[in-house]
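Reading through the structure tokens given below for one structure.
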Amino acid sequence: MNTLKPLYQARAEAHAKCADAAQALERARRIERTATAHLQTLEQRAAESESAQAAELAERIAAGGPTADLSTSDTSLASALASAKMNLSIKAKALASLERAHAAAQANAATAEAAVVKAVDAIFHAEDAELNRQVTHHLDEALRLGKQLLGRAIGNEMHGHGQHFTDTLSRLDQPLLDRRHIAINFLRDGDTEAAAQRAARRSALI
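Heads up: the sequence shown is residues 13 to 218, going by the numbering used here.
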């Protein structure tokens, strides 16, 4: 189980970095929204100013009045608008950078999570392989001893001692487990408690 400790640590660090990246991204989104709203306000003011100036110019032209003295630009508003556009562009680029950083942090967290699951499953796979080895060993031993028992049972019958070891030999004649209908037969013959404990242990390790 010691092999899991560094993976747990790596996963915790990855999730912490992901949380930090998410917070930074949310701050960047708020800043970008504020800059967008500011620019929209200035654009609205600029549009209204243009409309007002155009209306006044149209009136003077229609009346044949002088137009040279009519100012058709608001330098302070134009400067603020240009500044707001540049400001928004900078903040949008910062936001895009933080979005990429957050996506990378999410990917790293997912990779760290998968590494833990893979390591836990490797532990269970090794335990399964050992269980299979033990079952194979005991089945081979049962077959070896069963052949001896069969010989002795036959010997007893030949010498008129009647049938012996019938129940034991009958178990060797039949499959120990029926795998044709796995779900039903597992509930009937399988170790459901052990299976539940195994699932709970896997979840706890992950």
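Every residue, glycine too, gets a C-beta built ideally from N, C-alpha and C.
When DSSP states are grouped into helix, strand and coil, residue 104 belongs to the helix group. With contacts defined as CB atoms closer than 8 angstroms, residue 41 and residue 100 fail to qualify as a contacting pair.
Residues of the same chain with a CB within less than 8 angstroms of the CB of residue 120, apart from the 5 flanking positions on each side, are 26, 29, 30 in chain order. In the structure shown, the three-state DSSP call for residue 166 is helix.
Rounded to whole angstroms, the Cβ separation of residue 23 and residue 136 is 18 angstroms, and the two are not in contact under 8 angstroms. Where residue 27 is concerned, the enclosing alpha helix (DSSP H) starts and stops at 17–75. Taking 8 angstroms as the upper bound for CB-CB distance, residue 132 and residue 218 are in contact here, some 5 angstroms apart. For residue 212, the enclosing alpha helix (DSSP H) begins and ends at 204–217. Straight through space, the alpha carbons of residue 125 and residue 46 are spaced by roughly 36 angstroms. In the assembly as shown, residue 157 is an exposed residue. Its beta-carbon has fewer than 16 other beta-carbons within 10 Å. Note on geometry: alpha-carbon atoms of residue 142 and residue 117 lie some 38 angstroms from one another. Excluding residues up to 5 positions away in sequence, 124, 127, 128, 131 lie with their Cβ nearer than 8 angstroms to the Cβ of residue 19 in the same chain.
Under the DSSP assignment, residue 179 falls in the alpha helix (DSSP H) whose first and last residues are 178–185. Residue burial annotation: residue 33 is buried, with at least 16 other C-beta atoms found within 10 angstroms of its C-beta.
DSSP, read as helix, strand or coil, puts residue 79 in coil. A check of alpha carbon separations from residue 155 across 181, 109, 110 identifies 181 as the nearest. The beta carbons of residue 93 and residue 58 sit closer together than 8 angstroms.
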